[in-house]
Amino acid sequence: MERLFLSLLESRKADLELQEKHGHISSSDLAEKNIVVWLSTRDAILDAIKTTSRGSPTAQANCVLSLASLALCLHKYVTDLSADLFKASQDRTEYIGHSHWMAMTFDTILSFVDPAHVPKGNIHSICHQVLIIHIKFT
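Take a look at the structure:
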């Protein structure tokens with residue numbers, strides 16, 4: 112997952128630089144988008160996980176493992192970010208903040224593993240079939 116995240120991150124950065132080179136975005140837009148590029152990468156991977164989770168129970172279990180792996184990868188990435196860059200990325204309203212996203216992720220994983228777990232907030236919309244089965248039996 113770490114290789115996927117880093118390679119997708121680099122490809123998004125290269126795409127932004129190419130857009131700036133061709134005049135599609137300005138230098139200030141490039142700087143703004145580079146601040147939050149890791150958040151858009153995170154959301155793109157999460158969307159792929161959500162799409163895949165609509166398959167068989169085996170696919171759903173793999174998606175939960177992928178979600179946990181993505182959370183670990185993001186934790187490692189965020190610890191390497193400078194404090195200024197992290198704060199600047201958290202001030203953007205178009206993305207869910209990292210702390211809130213991690214809380215949602217942990218609640219999602221715990222809801223999958225323990226049917227008695229009551230999430231403290233929203234959860235990611237993966238594995239609906241499994242969660243509905245747990246709710247019916249509890």
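As numbered in my numbering, residues 112 to 249 make up the sequence shown, in order. Note that the Cβ used here is the ideal one computed from N, Cα and C, for glycine as well.
Item to complete: On a CA-only basis, which of Ser177, Gly208, His235 and Ala179 is nearest Met215? Give me that one, please.
Response: Looking at the Cα atoms, His235 is the closest of the given residues.
Practice prompt. Answer yes if the segment 120–127 comes into contact with the segment 136–147, meaning at least three C-beta pairs across the two stretches below 8 Å, and no otherwise.
Written response: Judged by Cβ distances under 8 Å, the segment 136–147 makes contact with the segment 120–127, as three or more pairs qualify.
Fill in: Environment of Arg153 [buried if 16+ CB atoms lie within 10 Å]
Counting the other Cβ atoms within 10 Å of the Cβ of Arg153 gives 16 or more, which makes it buried.
Discussion item. Checking 8 Å against the spacing of the C-beta atoms, do Ile160 and Ile237 come in under that value?
Written reply: yes
Discussion item. Taking contact to mean 3 or more Cβ pairs, one atom from each stretch, closer than 8 Å, check whether the segment 220–233 and the segment 171–183 are in contact.
Written reply: yes
Worksheet item: Which one of Lys132, His211 and Val175 has the shortest CA to CA distance from Met112?
Response: If we check each option's Cα against that of Met112, Val175 comes out closest.
Worksheet item: How far does the alpha helix (DSSP H) with Arg153 in it reach, from first residue to last?
Response: Val148 to Thr163
Practice prompt. Can you grab the Cα-Cα spacing for the pair Pro168 / Phe116, in whole Å?
Written response: If you draw a straight line from the Cα of Pro168 to the Cα of Phe116, it is about 25 Å long.
Discussion item. What does the alpha-carbon distance come out to for the pair Leu150 and Tyr206?
Written reply: Their backbone Cα atoms lie some 7 Å apart in a straight line.
Worksheet item: When the Cα atoms are used, what is the spatial distance from Val224 to Lys132?
Response: Going by C-alpha positions, Val224 is about 47 Å away from Lys132.
Worksheet entry | Proximity to Arg123 [Cα-Cα], best of Ser137, Ser139, Arg114 and Val148 | Val148
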